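A.B. asks:
Shown next, in the form of structure tokens:
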């Protein structure tokens, strides 16, 4: 087959991530219910996260700081020290949340490794937390490299592939985010397998989904269980 | 010469970092002066940072969250929403703080690059913030690789050197922290040039400074201006 190296995204591809964010988000809504209506909170939190992205980047620490900022913006002087403490605690719980693997994740990585493919984990977010999740996932021994990156754009993939001596045309990226996992890799001449996740962060939507899906190097599968079936079919 | 690759630490080696933390720390002391005595705050903040290290890792976002937690612990219900906002703002200013290069930094990196040495920037902290600082330092084009790592121990250096195809015995690490920059590299059989910085984070002290300094592969220079002089002298 044409594929010699395979990249896996981490959050919401190999393991659950948004689910834990969603649970925390619900707790924060309940916590702040006396200060602010639910839909106002949701809109404002998303707006704050978007505005802080270029200052804080991705990850749970960024999310925690944005939660506190949103609560301050909405509740003002009514926000109590106990509220702030509860938000800090919610962030810490999110960081300590056990790594829950998605169906077929371990088998997909084991299969790729057994096929002799070069296996790279390419994940976005907080370096410290991502490394901790890789360690807790038990997959660390099966992968050839872990790349925690600040942003998943064409330049990032180019650097990561060059560093691992991988030609993009022999590379397939497996992930749940069209914008971060599929678009830049297709642009480089590589392949993309999209594994949709029911919860995808609102800031991860792609502008040009139809164009992406039309690429001859794009595939979509319902779960990682299909990986050993779909990868060998990738060919020009 | 024996050296084929050179690693530079970022924070407080190539650019100022603790200085900005210290200014922020002073502002926080002033801000919380009505709630808590200065020395109590200092001791408690260090203790909180230490306790949170394995949850938050390193960097400004971790520092901001630990500041808020310390303020809550010390001031309790007396902490106002305005206080919390001021702590958030202090953290954001720290993230946006301009990158101030240390004397000789740019020349040292230029010299190493011109010598044909493989130049790697190996820095600890928050991935997003570190990448932003490398970009703002203007040194990005002069280095062969940037490694932002979660912890600087023997295993981390081993991985980084293997990834960049560098033999430890031909590698020298230049940095201000004996524990993070010198000790693990010497243990791997590599070389270390210590460039002390007047402000070094209390959690960065090494237990066995005398043993490190006794190594035949250890050097200390007062500033990066000495790099072109000291590196060619490294030999068995």
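Protein chains in written order, with the numbering used here: chain A, 1 to 236; chain B, 1 to 236.
Just so you know, even glycine gets a beta-carbon here, dropped at the ideal spot from N, CA and C.
All figures in this text were calculated on a predicted structure; none of them were measured in a lab.
Assign residue 5 of chain A to one of three DSSP states: helix, strand, or coil.
C.D. replies: Here residue 5 of chain A is taken as the residue at index 5 of the first chain, counted from 1. It is a strand residue.
A.B. asks: Residue 18 of chain B and residue 194 of chain B: beta carbons closer than 8 Å?
C.D. replies: Translated into positions along the second chain, residue 18 of chain B becomes position 18. Translated into positions along the second chain, residue 194 of chain B becomes position 194. Not in contact: residue 18 of chain B and residue 194 of chain B (Cβ atoms no closer than 8 Å).
A.B. asks: Are residue 59 of chain A and residue 10 of chain A close, meaning C-beta to C-beta below 8 Å?
C.D. replies: Walking along the first chain from the start, residue 59 of chain A turns up at place 59. Walking along the first chain from the start, residue 10 of chain A turns up at place 10. No, they are not a contact pair.
A.B. asks: So residue 15 of chain B is in the beta strand (DSSP E); what residue range does that whole segment cover?
C.D. replies: The residue you call residue 15 of chain B lines up with position 15 of the second chain. Note, residue 15 of chain B: premise wrong, no beta strand (DSSP E); not H, not E.
A.B. asks: So within the segment 71 to 102 of chain A, which uninterrupted alpha helix (DSSP H) runs reach at least 4 residues, ignoring any that extend past its ends?
C.D. replies: Those alpha helix (DSSP H) runs which fall completely within the segment 71 to 102 of chain A and span 4+ residues are 81 to 96.
A.B. asks: Could you tell me which uninterrupted beta strand (DSSP E) segments, each at least 3 residues in length, are contained entirely in the segment 162 to 232 of chain B, listed from first to last along the chain?
C.D. replies: If we require 3 residues or more, the beta strand (DSSP E) runs fully inside the segment 162 to 232 of chain B come out as 171 to 175, 191 to 194, 218 to 220.
A.B. asks: Between which two residues does the beta strand (DSSP E) containing residue 145 of chain A stretch?
C.D. replies: Taking the first chain and counting its residues from 1, one reaches residue 145 of chain A at position 145. Residue 145 of chain A -> beta strand (DSSP E) spans 145 to 149.
A.B. asks: Quick one: grab the DSSP three-state call for residue 26 of chain A.
C.D. replies: Taking the first residue of the first chain as 1, we reach residue 26 of chain A at position 26. It is helical.
A.B. asks: Compute the Euclidean distance between the alpha carbons of residue 116 of chain B and residue 91 of chain B, then round it to the nearest angstrom.
C.D. replies: On the second chain, residue 116 of chain B is found 116 positions in, with the first residue counted as 1. On the second chain, residue 91 of chain B is found 91 positions in, with the first residue counted as 1. If you take the alpha carbons of residue 116 of chain B and residue 91 of chain B, they lie about 39 Å apart.
A.B. asks: Mind listing the chain A neighbours of residue 157 of chain B? Cutoff is C-beta to C-beta under 9 Å, in chain order.
C.D. replies: Position 157 of the second chain, counting from 1, holds the residue named residue 157 of chain B. Near residue 157 of chain B there are no residues of chain A at all, since even the closest Cβ is about 15 Å away, more than 9 Å.
A.B. asks: Cβ of residue 150 of chain B within 8 Å of Cβ of residue 8 of chain A?
C.D. replies: The count along the second chain starts at 1 and reaches residue 150 of chain B at position 150. The count along the first chain starts at 1 and reaches residue 8 of chain A at position 8. No, the Cβ-Cβ distance between residue 150 of chain B and residue 8 of chain A is not below 8 Å.
A.B. asks: Take residue 16 of chain B and list the residues in its own chain whose beta-carbon comes closer than 7 Å to its own, dropping the five residues that flank it on each side.
C.D. replies: If you number the second chain from 1, residue 16 of chain B lands on position 16. The answer, listed in chain order, is 100, 102.
A.B. asks: According to DSSP, is residue 130 of chain B part of a helix, a strand, or is it coil?
C.D. replies: Here residue 130 of chain B corresponds to residue number 130 of the second chain, with the count starting at 1. Here residue 130 of chain B sits in helix by DSSP.
A.B. asks: By the 8 Å beta-carbon criterion, what residues does the segment 78 to 99 of chain A contribute toward chain B?
C.D. replies: Answer set for the segment 78 to 99 of chain A: 78, 79, 80, 81, 82, 84, 85, 88, 91, 92, 95, 96.
A.B. asks: Could you work out which residue in B/96, B/55, B/42, B/106 is closest to residue 225 of chain B when comparing CA atoms only?
C.D. replies: Counted from its first residue, the second chain places residue 225 of chain B at position 225. Residue 225 of chain B has its Cα closest to that of B/106, out of B/96, B/55, B/42, B/106.
A.B. asks: Shorter than 8 Å from the beta carbon of residue 6 of chain A to some beta carbon of chain B?
C.D. replies: Mapped onto the first chain, residue 6 of chain A falls at position 6. Chain B, which has no Cβ nearer than 8 Å to the Cβ of residue 6 of chain A, makes this no.
A.B. asks: 8 Å is my cut-off, CB to CB: does residue 70 of chain B come that close to chain A?
C.D. replies: Translated into positions along the second chain, residue 70 of chain B becomes position 70. No, no contact with chain A.
A.B. asks: Can you list the residues of chain A that residue 131 of chain B reaches, using a CB-CB cut of under 7 Å?
C.D. replies: Mapped onto the second chain, residue 131 of chain B falls at position 131. Near residue 131 of chain B (Cβ distances below 7 Å), the residues of chain A are 150.
A.B. asks: Buried or exposed: which applies to residue 76 of chain A, given that a residue is buried once 16 or more other Cβ atoms fall within 10 Å of its Cβ?
C.D. replies: For the purposes of this step, residue 76 of chain A is identified with residue 76 of the first chain, where counting begins at 1. Residue 76 of chain A is exposed by the Cβ-count criterion.
A.B. asks: Does residue 65 of chain B come within less than 8 Å of chain A when only Cβ atoms are used?
C.D. replies: Along the second chain, read from residue 1 onward, the residue named residue 65 of chain B stands at position 65. Yes, because at least one Cβ of chain A sits closer than 8 Å to the Cβ of residue 65 of chain B.
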